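J.:
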Amino acid sequence: MTTHLDDTARTADPAGPADTAAWSPPHEPDAAPAPGPGEPKRPLAARIWRGRPEDPRWARPAFLGLLLATCVLYLYNLSASGYANSFYSAAVQAGSQSWKAFFFGSLDSANAITVDKPPAALWPMALSVKVFGLNSWAILVPEVLMGVGSVAAVYASVRRRFSPASGLIAGAVLALTPVAALMFRFNNPDAMLALLMTVACYLVVRALEDGRTKWLVWAGVAIGVAFLAKTLQAFLILPPLAIVYAVCAPVPLRKRFSQLALATAALVVSGGWWVAVVELWPASSRPYIGGSQNNSFLELTFGYNGLGRLNGEETGSVGGGGGGGTGQWGETGWDRMFHSEIGAQISWLLPAALILLAAGLVATRRRKRTSVTRGAFLVWGGSLLITTVVFSFMAGIFHQYYTIALAPYMAAVIGMGTGILWEKRSGIWASLTLAAASVAAAAWGYVLLNRTPDDLPWLKWLVLVGGLAGALGLVFAGRLPRRLALAAAAVSVLAALAGPTAYTLSTVDSAHTGSIPTAGPAGASMMGGGRGGPGGGDGGFGGGGPGRQGQQGQQGQGRQNGGGLPGGTPGQGRTAPGGQANGDGGRMGGGGAGGLINGATVTDEAKKLLGADSEDYTWAGAAIGSQNAASYQLATGDPVMAIGGFNGTDPSPTLAQFKQYVADGRIHYFISSGSGGGGAMGGGSGDGTSAQITEWIEANFKQVTVGSATFYDLTQETTG
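Heads up, the sequence shown is in my numbering, so the first residue is 1 and it goes up one at a time.
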């Protein structure tokens, strides 16, 4: 039996005819026949619109419609978030002004310090800003396009082995997952990471089809580039991908291992070239590596951004190390993804996905070693399981939006599982399993919707009743007329997607800014101390109360003060459109901590002060913590030095270096953020570099008050 895999290549399934029966698309009366020998190839426009010749006529238009709908959904109200995470937006601005800052991922164009990640995720945004200027759309549209690309990749992978309907279900699940709608409209590195991980899984499944080396090598390249977006998180899925290929690929064992070696080499080259350049570049002529304590990217990779995330021992992180089962980043355990602080972000269809994954593996258990259908379940399902386990038990810094990494894997498993069980629905076990997945989705959707009882209170009952009714029909799907069976399936799918769709619509209708955004309506995700009401921020990880809505700010941004991190640090920034945060939040370590998460409000008076004669200085100002510095840099367009990096705890610059910068006339103002002048972790007290610099400035330079903000003019020393 020969199966059409695409428009140009026709390859038999390596598992043989027994393996193709479950996934080859059924013949439709209106399907266009494939061109015979000697017939001219169809025009490109026809191939794009029509798709595979054997597909039903609705398949490709439906796919293109899915991509268009996803794009429109993600573009809606996009500018409400303004600069989103100003930490990364400032680095994007710097990269659009300086190629050196672009290459290193510097926070400012004068290259004082980098962000605490490698720069690949910044590059598309920086190029966009370089072309279209600094604005919200230029920063965030590249993220939207990554979301559309991820939906396309999930559809393409599922569609290759299953029906067009299976691919559409998978793509829709991904597009309508709340955390995906959040992060594909936000400028954190997670959007690029999710896209590249999706592409890597797609390429490995392609490699399983025919054993061609090029697909596996390209998968290695995708993961290597993903490493340059978010370091070691890109490697989480390496074990299942490598094991599945080593076991299931349709080539001799020796060739499998040689191909894996080549893919590893491709990974090392694509992800390691930048690391090698940075490590070999003289430290004196490049920016300090933000997030590290020794100005080393390798230390950052394996410490703060690596093992520290697993065991909680992140030197220089928020609150230091520790972690533990009930740590400040939420309770760990096997059910972490279902807790109140995370469940509404990702877990809507996770129970159904686990049921369908088990069913898919059972359905393919007797197939040959080289079964691509089973291999696809192992690739996507293995990636889902290993990422879920790591997220569930990691003791270090963990934010709700990290769970976007699960969304493509979950979506693919759901699409594949429903596809294979639908083909086998005449068997009682398959119809019962489909019904069980529908009940699981409806019941868990009811629980999640019940956590926000004041938001669409009627929807939870519609989801529950619809899911149960659809499940009842699915029990008899193999015996019902086709139209009735399809109606039952449609009701089940609609009920399963109703809850996440409502939360997704709430997400795109709201502004999200700061460092810890969450999806869904107010109250949907509570970490530690709980979440404020509408217009308020997340409650903190202890110590902080609900946030308050920010006042109207610059650039149309929606920022707000959140609840506290330990000691009152502001939490997530999320408001109705138009608000901007007050940057004078709680305290930590004796210094103002208002800028740790959301940055600061920049008044017109402060902007005018910093802009005066700014061309005469390397840095118009300096502030403790990257968010504070970023806020002023974005407002003025001039470089602002972030003392101590993101948390204010990096030993850069040293007191001696800072004194030399001041003596050389390179910094005009120091921006204080409250009592003690700290503004970030450890910023205003203790023996840290930030505290030493603050103490020296306050003792030696003239204080200038602009509204509620305090500056120190570093060109005017105090006398006596």
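Every residue, glycine too, gets a C-beta built ideally from N, C-alpha and C.
The structure presented is a predicted model; accordingly, all values stated were derived computationally and were not measured.
(1) How is Met394 classed by DSSP in three states: helix, strand or coil?
(2) State buried or exposed for Phe711, treating a residue as buried only when at least 16 other CB atoms are found within 10 Å of its CB.
(3) Thinking just about the alpha-carbon of each residue, which of Ala376, Val144, Val475 is nearest to the one in Leu357?
(4) Whether or not the segment 443-455 and the segment 506-521 are in contact is what I'm after, with contact meaning three or more pairs of Cβ atoms, one per stretch, closer than 8 Å; do they touch?
(5) CB-CB under 7 Å to Glu143, same chain, minus the five flanking residues each way: which ones, in chain order?
(6) Alpha carbon to alpha carbon, what distance is there between Leu434 and Arg57?
(7) Taking the straight line between their C-alpha atoms, what separation do you get for Arg559 and His512?
(8) Compute the beta-carbon to beta-carbon distance between Ser157 and Cys201, rounded to the nearest angstrom, for a pair I have assumed lies under 8 Å.
(9) Suppose you measure from the CA of Ser708 to the CA of Glu605; what does that come to, to the nearest Å?
(10) Leaving out the 5 sequence neighbours to the left and right, which residues in its chain are closer than 6 Å to His27 when beta-carbon positions are compared?
(11) Only counting the same chain, and skipping five residues up and downstream in sequence, which positions put a Cβ closer than 8 Å to that of Ile386?
(12) Which residue wins for smallest C-alpha separation from Thr364, given the options Gly419, Ile697, Asp638?
(13) Once DSSP output is grouped into helix, strand and coil, what is the label at Gly330?
(14) With a cut-off of 8 Å, do at least 3 Cβ pairs link the segment 97-108 to the segment 213-222?
(15) Using the three-state DSSP reduction, which class does Ile355 fall into: helix, strand or coil?
(16) If we ignore side chains and look at the alpha-carbon of each, how far apart do Val129 and Ile139 end up?
(17) Would the segment 345-352 count as touching the segment 493-500 if we require 3 or more Cβ pairs under 8 Å?
(18) Please go through the segment 217-286 and give each complete alpha helix (DSSP H) segment of 4 or more residues, from N-terminal end onward.
(19) Is the CB-CB distance between Ser431 and Gly466 below 8 Å?
(20) With DSSP run on the structure shown, which of helix, strand or coil describes Val379?
(21) List the DSSP bridge partners of Met670.
(22) Only counting the same chain, and skipping five residues up and downstream in sequence, which positions put a Cβ closer than 7 Å to that of Pro33?
(23) Within 10 Å of its beta-carbon, does Glu279 have 16 or more other beta-carbons around it, so buried, or fewer, so exposed?
(24) Determine the direct distance from the alpha carbon of Val225 to that of Trp123, and round the result to whole angstroms.
(25) If you draw a straight line from the C-alpha of Trp380 to the C-alpha of Pro250, how long is it?
(26) Roughly how far, in whole angstroms, is the beta-carbon of Leu406 from the beta-carbon of Thr388, given that I think they are within contact range, below 8 Å?
(27) Compare the beta carbon distance of Val199 and Ala153 with 8 Å and say whether it is the shorter of the two.
(28) Can you tell me whether Ile414 is helix, strand or coil according to DSSP?
(29) Just the C-alpha distance for Thr264 and Tyr446, rounded to the nearest angstrom, thanks.
(30) Does Asp116 pass the burial test, meaning 16 or more other C-beta atoms within 10 Å, or should it be called exposed?
(31) Can you tell me which of the three DSSP states Thr452 falls into?
(32) Provide the residue(s) that pair with Glu717 in DSSP beta bridges, ordered along the chain.
(33) Thinking Pro178 and Thr618 are a contact (beta carbons under 8 Å), I'd like their distance in whole angstroms, please.
(34) Which of the three DSSP states is assigned to Ser347 in this structure?
(35) Using beta-carbon positions only, say whether Ala443 and Leu464 come within less than 8 Å of one another.
(36) Thinking just about the alpha-carbon of each residue, which of Ala359, Leu384, Trp334 is nearest to the one in Phe393?
T.: To lay it out plainly:
(1) Your numbering for residue 394 matches position 394 in the sequence shown. Coil, per DSSP.
(2) Along the sequence shown, one-based indexing puts residue 711 at 711. So Phe711 counts as buried.
(3) Here residue 357 is taken as the residue at index 357 of the sequence shown, counted from 1. With distances taken between CA atoms, Leu357 lies nearest to Ala376 out of Ala376, Val144, Val475.
(4) yes
(5) Working through the sequence shown from its first residue, we reach residue 143 at position 143. Cβ within range, chain order: Phe184, Arg185, Phe186, Asn187, Ala191.
(6) Residue 57 sits at position 57 when you count from the first residue of the sequence shown. Residue 434 sits at position 434 when you count from the first residue of the sequence shown. Distance between the alpha carbons of Arg57 and Leu434 is about 27 Å.
(7) Translated into positions along the sequence shown, residue 559 becomes position 559. Translated into positions along the sequence shown, residue 512 becomes position 512. Confidence in Arg559 is poor, its pLDDT being 33 and thus under 50, which makes the residue's placement unreliable; the coordinate value appears in the next sentence. So the alpha carbons of these two residues sit roughly 7 Å apart.
(8) Your numbering for residue 157 matches position 157 in the sequence shown. Your numbering for residue 201 matches position 201 in the sequence shown. Ser157 to Cys201, Cβ: 7 Å. Contact.
(9) The residue labelled residue 708 in the question sits at position 708 within the sequence shown. The residue labelled residue 605 in the question sits at position 605 within the sequence shown. Their Cα atoms are separated by approximately 10 Å.
(10) Here residue 27 is taken as the residue at index 27 of the sequence shown, counted from 1. Here the model assigns His27 a pLDDT of 34, short of 50, so the residue's position is not dependable and the matter cannot be decided.
(11) Translated into the one-based positions of the sequence shown, residue 386 becomes position 386. Contacts found: Leu236, Ile237, Pro239, Pro240.
(12) Taking the first residue of the sequence shown as 1, we reach residue 364 at position 364. If we check each option's Cα against that of Thr364, Gly419 comes out closest.
(13) Counting from 1 along the sequence shown, the entry for residue 330 is found at position 330. In this structure, Gly330 counts as strand in the three-state DSSP scheme.
(14) no
(15) Within the sequence shown, numbered from 1, the residue matching residue 355 stands at position 355. Helix.
(16) Position 129 of the sequence shown, counted from the start, is the residue given in the question as residue 129. Position 139 of the sequence shown, counted from the start, is the residue given in the question as residue 139. Rounded to the nearest angstrom, the two C-alpha atoms are 6 Å apart.
(17) yes
(18) Within the segment 217-286, the complete alpha helix (DSSP H) runs of at least 4 residues are 238-248, 253-280.
(19) Here residue 431 refers to the residue found at position 431 of the sequence shown. Here residue 466 refers to the residue found at position 466 of the sequence shown. Cβ distance not < 8 Å, so Ser431 and Gly466 don't count as in contact.
(20) Translated into positions along the sequence shown, residue 379 becomes position 379. Reduced to three states, the DSSP call for Val379 is helix.
(21) In the sequence shown, the residue the question calls residue 670 occupies position 670. Checking the sequence, you will find Phe at residue 670 rather than Met. Phe670 is bridged to Ala622, Tyr712.
(22) The residue given as residue 33 occupies position 33 in the sequence shown. Because Pro33 sits at a pLDDT of 45, beneath the cut-off of 50, its placement in the model cannot be relied upon, and the point is left open.
(23) As a first step, residue 279 is located in the sequence shown; it is residue number 279 there, counting from the start. Classification of Glu279: exposed, given that the 10 Å Cβ count is below 16.
(24) Residue mapping note: residue 123 aligns to position 123 of the sequence shown, counting from 1. Residue mapping note: residue 225 aligns to position 225 of the sequence shown, counting from 1. Linking Trp123 to Val225 through their CA atoms gives a straight-line distance of about 12 Å.
(25) As a working mapping, residue 380 is identified with position 380 in the sequence shown. As a working mapping, residue 250 is identified with position 250 in the sequence shown. Trp380 and Pro250: Cα-Cα distance of roughly 19 Å.
(26) Position 406 of the sequence shown, counted from the first residue, corresponds to residue 406. Position 388 of the sequence shown, counted from the first residue, corresponds to residue 388. The Cβ separation is near 6 Å, so the contact holds.
(27) Reading the sequence shown from its first residue, position 199 is the one you call residue 199. Reading the sequence shown from its first residue, position 153 is the one you call residue 153. Yes; because the gap between Cβ atoms is below 8 Å, this pair is in contact.
(28) Translated into positions along the sequence shown, residue 414 becomes position 414. Of the three classes helix, strand and coil, the one that applies to Ile414 here is helix, per DSSP.
(29) Here the question's residue 264 lines up with position 264 in the sequence shown. Here the question's residue 446 lines up with position 446 in the sequence shown. Put simply, the backbone Cα of Thr264 is about 44 Å away from that of Tyr446.
(30) Counted from its first residue, the sequence shown places residue 116 at position 116. Result: buried.
(31) Counting from one through the sequence shown, the residue named residue 452 turns up at place 452. The answer is coil: DSSP assigns Thr452 none of H, G, I, E or B.
(32) Your numbering for residue 717 matches position 717 in the sequence shown. Paired residues: Phe701.
(33) Within the sequence shown, residue 178 is the residue found at index 178, counting from 1. Within the sequence shown, residue 618 is the residue found at index 618, counting from 1. That belief does not hold up - the Cβ atoms of Pro178 and Thr618 are roughly 43 Å apart, past 8 Å.
(34) By 1-based counting over the sequence shown, the position of residue 347 is 347. It is helical.
(35) Position 443 of the sequence shown, counted from the first residue, corresponds to residue 443. Position 464 of the sequence shown, counted from the first residue, corresponds to residue 464. Yes. Within cutoff.
(36) Reading the sequence shown from its first residue, position 393 is the one you call residue 393. Among Ala359, Leu384, Trp334, the Cα nearest to that of Phe393 is on Trp334.
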